[in-house]
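Chemist: The structure under discussion is supplied below as structure tokens; questions concerning it will follow.
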Amino acid sequence: MTALLSGPPGAVSTLAEVERLAVRYRVPVEDALLIAINLHGIDAQPPRHRVRVQVRLSSAPTVPWQLIVPLNVTGSPFRLNEDSLMLGGVPIATVERVDADEAVGGYFRNGGTAATLNPNARSRCVGCAFCPNTLEAAADPRLSEERDLRELLSALREQHPRRDLTELREVTVSTGCFEREAAAIDHIRALRTVLGEYGIAARVSFLTSVLRSQEAFYSLAEQAMPFVLRLTAECFTRRDLLLKASKARLAVQEMPEVLERALSAGHGTSFTYVVGLDNLDSLRSGVSALTPLVTEFPNFQVYQAHNSVMAGLRTAGAGDLEYYLRAREVIEEITGPSGLRPTAWECYRPLWYFSFADEALVDP
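So the sequence shown is residues 458 to 821, counted in my numbering.
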């Protein structure tokens, strides 16, 4: 197993450094710590590539957070010592659980009221230079028929906290390998049919860049409502270098048009974006163009480098915590007037946990 040789050169090394940055950018120190863990990863023995870690911060122990981070970052300022997460030799969190982040067919979020499905073999999706899917163990078979979807939902029902899938309010589809619009539409139709058989009225939230035509959105309005398009924008610069072909073919200037088409057909809209690949000026202009056209708060993810090659893809300065605190500030300025607010369970690598600007997101 290949480990990163060292943590980022600009990594914070003490709790005091994090506290100083938190004060400078007027964010809770807890938010700054969780962003930093996402950014720098964890140095642990034995090392593992990518894991789901449930942590409780020492300064706010009543709220558990699930992070997905690399656990093989030799030299990261965050070290796992048995069940304690240390920063500069100081325990800053208790680690309650560590699980391999395997690519599986589906899993639950938000206490069982939301589910994420990987129906098209996410682990076999390759091409985006920043994506860690190729590092994961795979347990997510490609589903090609309604029968396969029924089998997946039957298995998930047994795993549900109360074995009741009718509690689901949102079913998110991580598309993985849908390369053509027609294939994506066929799958959404089949999924809606099977959800109906199980009494599930949840809205379908679809992460994709291949749904683009007005005809596609009108078709889904007739057969798949309620539906949310989560456009996988990911980045606004170097798209030919960073993205697989099906994503790179969507030009930045076309993104608002796609969101407008989905809105005109009555669908919800949002987008996904990886913070750390673009400079802050490009982030500002791209997010500003898309935000007026979304009905759900966008999914902003902290970029994680799982090896030295991926670290080299960062934009200048994005190896430092301060870049992400500045990005958070910029995004709050743009999205704040919309009234939309982040929900931490929707993203395992967000920029917000306890607060958005000066607003509390978590009841203390």
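Every residue, glycine too, gets a C-beta built ideally from N, C-alpha and C. Predicted model only: the values in this text are computed from it and were never measured.
Which value, in whole angstroms, describes the spacing of the CA atoms of Val731 and Leu782?
Modeler: Their backbone Cα atoms lie some 14 angstroms apart in a straight line.
Chemist: Per DSSP, Ile525 is paired with what?
Modeler: Arg509, per the DSSP bridge assignment.
Chemist: Round the Cβ separation of Leu734 and Thr772 to the nearest angstrom and send it over; I've been treating them as touching at under 8 angstroms.
Modeler: Indeed, because the Cβ distance is near 6 angstroms, the residues count as touching under 8 angstroms.
Chemist: Within the same chain, show all residues whose beta-carbon is closer than 6 angstroms to that of Ala705, passing over the 5 residues directly before and after it, in chain order.
Modeler: Only Arg696 and Asp697 meet the Cβ criterion.
Chemist: Just to confirm, is the Cβ distance from Ile836 to Leu625 under 8 angstroms?
Modeler: Shown here, the chain extends from 458 to 821; a query on residue 836 therefore has no answer.
Chemist: Determine the direct distance from the alpha carbon of Gln502 to that of Leu592, and round the result to whole angstroms.
Modeler: Confidence is the limiting factor: at Leu592 the pLDDT is only 47, short of 50, which leaves the residue's position unreliable and the question unanswerable from this model.
Chemist: Going by the beta-carbon positions, is the gap between Leu707 and Ser662 smaller than 8 angstroms?
Modeler: No, they are not a contact pair.
Chemist: If contact is defined by three or more beta carbon pairs under 8 angstroms, each pair taking one atom from either stretch, is the stretch 746-761 in contact with the stretch 470-487?
Modeler: No, they do not touch.
Chemist: Given Arg718, which residues of its chain have a CB within under 6 angstroms of its CB, disregarding the five upstream and five downstream residues?
Modeler: Closer than 6 angstroms at the Cβ level, and outside the excluded window around Arg718, lie Gln671 and Phe674.
Chemist: Who are the Cβ neighbours of Thr689 in its own chain at under 7 angstroms, not counting the five residues just before and after it?
Modeler: Counting only Cβ-Cβ distances below 7 angstroms, and skipping sequence neighbours, we find Leu664, Thr665, Ser666, Lys704 and Thr729.
Chemist: For Asn567, which residues from the same chain have a beta carbon less than 6 angstroms from its beta carbon, with the 5 sequence-adjacent residues on both sides left out?
Modeler: Contacts found: Trp802.
Chemist: Decide if Leu798 is buried, meaning its Cβ has at least 16 other Cβ atoms within 10 Å, or exposed.
Modeler: According to the sequence provided, residue 798 is Arg. The question's Leu does not apply to it. Exposed is the call here.
Chemist: For Asp777, which three-state DSSP category applies?
Modeler: Of the three classes helix, strand and coil, the one that applies to Asp777 here is coil, per DSSP.
Chemist: Give a yes or no on whether the C-beta atoms belonging to Arg509 and Asp558 are separated by under 8 angstroms.
Modeler: Yes. Within cutoff.
Chemist: Measure the C-alpha to C-alpha separation of Ala768 and Tyr760 and round it to an integer number of angstroms.
Modeler: Cα-Cα distance, rounded: 9 angstroms.
Chemist: How close, in whole Å, do the beta carbons of Pro814 and Gly793 come, if the pair is a contact with beta carbons under 8 angstroms?
Modeler: The sequence shown places Ala at residue 814, rather than the Pro named in the question. Yes, Ala814 and Gly793 are in contact; Cβ-Cβ is about 6 angstroms, under 8 angstroms.
Chemist: Thr570: which of Thr531, Leu613 and Thr650 sits nearest, CA to CA?
Modeler: The residue with the shortest Cα to Cα distance from Thr570 is Leu613.
Chemist: Can you say whether Ala702 is buried or exposed, counting buried as having 16 or more other CB atoms within 10 angstroms of its CB?
Modeler: When all chains shown are included, Ala702 counts as exposed.
Chemist: My assumption, with CB atoms under 8 angstroms, is that Leu544 sits in contact with Pro534. Please give the rounded CB distance.
Modeler: Contact holds; Cβ gap of about 6 angstroms.
Chemist: Checking the sheet assignment: what are the DSSP bridge partners for Thr726?
Modeler: Its beta-bridge partners are Leu686.
Chemist: Please go through the stretch 470-512 and give each complete alpha helix (DSSP H) segment of 4 or more residues, from N-terminal end onward.
Modeler: Listed in chain order, they are 472-481 and 486-497.
Chemist: Give me the Cα-Cα distance between Gly562 and Leu778, rounded to the nearest whole angstrom.
Modeler: Looking at the two C-alpha atoms, the distance is approximately 33 angstroms.
Chemist: Starting from Thr694, follow the beta strand (DSSP E) in both directions and report where the run begins and ends.
Modeler: Segment: none, Thr694 is in no beta strand (DSSP E) and carries neither H nor E.
Chemist: Taking C-beta to C-beta, are Arg687 and Gln758 nearer than 8 angstroms?
Modeler: Result no, Cβ atoms of Arg687 and Gln758 do not sit closer than 8 angstroms.
Chemist: Give me the residue from Gly653, Asp820, Asp556 and Glu615 with the minimum Cα distance to Gly512.
Modeler: The residue you asked about is not Gly; residue 512 is Val in the sequence shown. Of Gly653, Asp820, Asp556 and Glu615, the residue nearest in Cα terms is Asp556.
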